[in-house]
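Each residue of the sequence shown is one higher than the one before, counting from 1 in the UniProt record's numbering. Working notes, structure below.
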Amino acid sequence: MSLFSRRKTPDQLVKLLKDAIADPLAPAKPSKDGTSVEEITKRLSEIKLLLYGDGEQEAKPEKCAQLAELLIASGLVPKLITRLDKLPFEARKQFAQVYNNLMRRDLSGFVSYVERKPEILSALVAGYENSEVALNCGTMLRESIRHEILAGKILYSPDLWKFFDEYVHLPNFEVGSDAFATFKDLFTRHKTLAATFLTSNFEVVFAKYNCLLMSENYVTRRQSLKLLGEILLDRSNFDIMMKYIGEKENLKMMMNLLRDTSANIQFEAFHVFKVFVANPKKPEVISLILVNNREKLIAYLKNFQNSKEDPQFTEEKALLIRTLEGLKVGEAASEAANPPPSPSSHESSMEVTSAGCCASNAAGAGGLGSPRSDRFEPQCIVCSDEEWIDSTEESSATSSTVHTDSSDSTSQTTQAPPLQRTQFDSWEDLEGYLQQYSRETYQSLDEEQSRDLCLRASSRYYASDFDMARTFSVRPT
Numbered sequence: 001m002s003l004f005s006r007r008k009t010p011d012q013l014v015k016l017l018k019d020a021i022a023d024p025l026a027p028a029k030p031s032k033d034g035t036s037v038e039e040i041t042k043r044l045s046e047i048k049l050l051l052y053g054d055g056e057q058e059a060k061p062e063k064c065a066q067l068a069e070l071l072i073a074s075g076l077v078p079k080l081i082t083r084l085d086k087l088p089f090e091a092r093k094q095f096a097q098v099y100n101n102l103m104r105r106d107l108s109g110f111v112s113y114v115e116r117k118p119e120i121l122s123a124l125v126a127g128y129e130n131s132e133v134a135l136n137c138g139t140m141l142r143e144s145i146r147h148e149i150l151a152g153k154i155l156y157s158p159d160l161w162k163f164f165d166e167y168v169h170l171p172n173f174e175v176g177s178d179a180f181a182t183f184k185d186l187f188t189r190h191k192t193l194a195a196t197f198l199t200s201n202f203e204v205v206f207a208k209y210n211c212l213l214m215s216e217n218y219v220t221r222r223q224s225l226k227l228l229g230e231i232l233l234d235r236s237n238f239d240i241m242m243k244y245i246g247e248k249e250n251l252k253m254m255m256n257l258l259r260d261t262s263a264n265i266q267f268e269a270f271h272v273f274k275v276f277v278a279n280p281k282k283p284e285v286i287s288l289i290l291v292n293n294r295e296k297l298i299a300y301l302k303n304f305q306n307s308k309e310d311p312q313f314t315e316e317k318a319l320l321i322r323t324l325e326g327l328k329v330g331e332a333a334s335e336a337a338n339p340p341p342s343p344s345s346h347e348s349s350m351e352v353t354s355a356g357c358c359a360s361n362a363a364g365a366g367g368l369g370s371p372r373s374d375r376f377e378p379q380c381i382v383c384s385d386e387e388w389i390d391s392t393e394e395s396s397a398t399s400s401t402v403h404t405d406s407s408d409s410t411s412q413t414t415q416a417p418p419l420q421r422t423q424f425d426s427w428e429d430l431e432g433y434l435q436q437y438s439r440e441t442y443q444s445l446d447e448e449q450s451r452d453l454c455l456r457a458s459s460r461y462y463a464s465d466f467d468m469a470r471t472f473s474v475r476p477t
């Protein structure tokens, strides 16, 4: 800004901005310099400058407070949010910065103002339905969630279930990841608030959460599983953890996820499964499943991701093996003869009818056997109370089809499976696809095929480095 130009007062800025958006649905009267959209962008830039300051002048607290008071009184904040998609990129970015500054500093009671106006938070949540404004709305939502009172408003509103049913499943990788970051903040930033909510809504929350663990989207499954481990292992959620690990359907799901085609999902499932095993007060129904599958579980754990150079992980595996070896068969067997009542009402209340989620039978053993995705087609292992079905034979049969002649495997390999999608959303998606068939199969790809495969993992992880891409596509498992 020129040294000789005079900065406008907060009152002038708010009046000029209000005039520029006088009609929320139609363009306002063009300004001298151009259209009303350009006028809005200009005024937002000046408001941001007043709040943040610049190299010439620092922000003045009294003017910032006056500006916040005027913005609240004018009702401009909800108006700008509802027409955010009509503004250019720079204007959206500047408005988000203005909102975040007001929220972070709670100028003139801005937090209380947003609390009194539930339509503001609802409009920000709904922003995930428009990819053009989703990331801007996401930053404003997470800034709002820093305040416990506003986080509670979202947790106890119908808007929360949109994250479970829609937003974290969005095919746009960046938008879906941003929605999951907001979803995570809701359950981890304010421990006591989240614990109270989870306790009072345990059945419906975890019925929906189990649907996330079976999502067709690899990234959603992995992030949800990792977050579940964080939630259960947080001290504030001790009672929630004990209830979760006392239900056999949850144990079955974790045992199946241990056999997922993705090593990353196996690893995250391990960190939830270990809580079931390490629990010193296991319900008999849990002990029965573990005892009946003890030999296979021990054999599995002894060979589970041994290449990881992580002393803590190695120690935890050893502890689980010792715990499984020490389980008493007699106590578990007596449970089979005299089964006690279900430790919770979870099974009778698992029915969820909201769009995008599964019902109780899908969360149980029957649902685990169905394919999760036509991209990965993972071989889910159905775990009954009596036996954890072993897929070693199935895996051997599958891997034996890679080479048509073991005596001359270098010259004769099966043709690489066809690419089923035109684009992978991330490197994780590509990795999951390769793990499904075994990377050895892709040794036969020529350079053009390899380049094509890796360029399909392009939305955020665009493979412009062909050498890196080809190395990734054919590296050994």
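Each residue gets a CB set at the ideal place from its N, CA and C atoms; glycine is no exception.
Go ahead and pull the three-state DSSP assignment for residue i.
i           : result
G176        : helix
K86         : helix
K79         : helix
T261        : coil
S108        : helix
E284        : helix
S236        : helix
Y156        : coil
residue 479 : It is not possible to answer for residue 479, since the shown part of the chain is limited to 1 through 477.
S200        : helix
G246        : coil
K274        : helix
N101        : helix
Q223        : helix
K308        : coil
R92         : helix
T256        : It is Asn, not Thr, that sits at residue 256 in the sequence shown. Residue state, collapsed to three classes: helix.
S74         : helix
C358        : The predicted model places C358 with a pLDDT of 43, which falls under 50 and marks its position as unreliable; any figure quoted below should be read in that light. The answer is coil: DSSP assigns C358 none of H, G, I, E or B.
Grab me the residues of residue i's own chain with a C-beta within less than 8 angstroms of its C-beta, minus the 5 sequence neighbours each way, in chain order.
i           : result
residue 482 : Residue 482 falls outside the range modelled here, since the chain spans only 1 to 477, and no answer is possible.
residue 522 : Only positions 1 to 477 of the chain appear in the structure, and residue 522 is not among them; the question remains open.
E325        : R294, I298
T220        : V168, H169, G176, F180, L212
T41         : L87, P88, E90, A91, Q94
L327        : S287, L290, V291, R294
S21         : The question names Ser, but residue 21 in the sequence shown is Ile. The residues are A28, S36, I40, L76, K79, L80, R83.
Looking at the unbroken alpha helix (DSSP H) that takes in residue i, where does it start and where does it end?
i    : result
Q12  : 10 to 20
A59  : It is not in any alpha helix (DSSP H) - A59 carries neither H nor E in the DSSP assignment.
M214 : Where M214 is concerned, there is no enclosing alpha helix (DSSP H), given that its DSSP letter is neither H nor E.
Y300 : 294 to 302
P311 : 311 to 325
I145 : 134 to 145
K328 : Segment: none, K328 is in no alpha helix (DSSP H) and carries neither H nor E.
L170 : Premise fails: L170 is in no alpha helix (DSSP H) and is neither H nor E.
Y52  : 36 to 52
Excluding sequence positions up to five away, which residues of its chain have a Cβ less than 7 angstroms from the Cβ of residue i?
i    : result
E148 : H190, L193
L198 : V205, N237, I240
Q97  : K48
L150 : V111, V114, E115, L121, S144
A68  : L102, L107, S108, F110
E316 : K274
I234 : The amino acid occupying residue 234 in the given sequence is Asp; Ile does not appear at that position. If we look at D234 and ignore the five residues flanking it on each side, its Cβ neighbours are K191.
Between which residues of its own chain and residue i is the CB-CB distance below 6 angstroms, once the five residues before and five after are set aside?
i    : result
F95  : L44, L80
M241 : L232
P124 : Contrary to the premise, residue 124 reads as Leu rather than Pro in this sequence. Once the five neighbours on either side are set aside, the close Cβ partners of L124 are C137, M140, L141.
N130 : D85
I245 : V275, F276, N279
S74  : V14, K18
K184 : L227
T182 : G138, L141, R142
F267 : none
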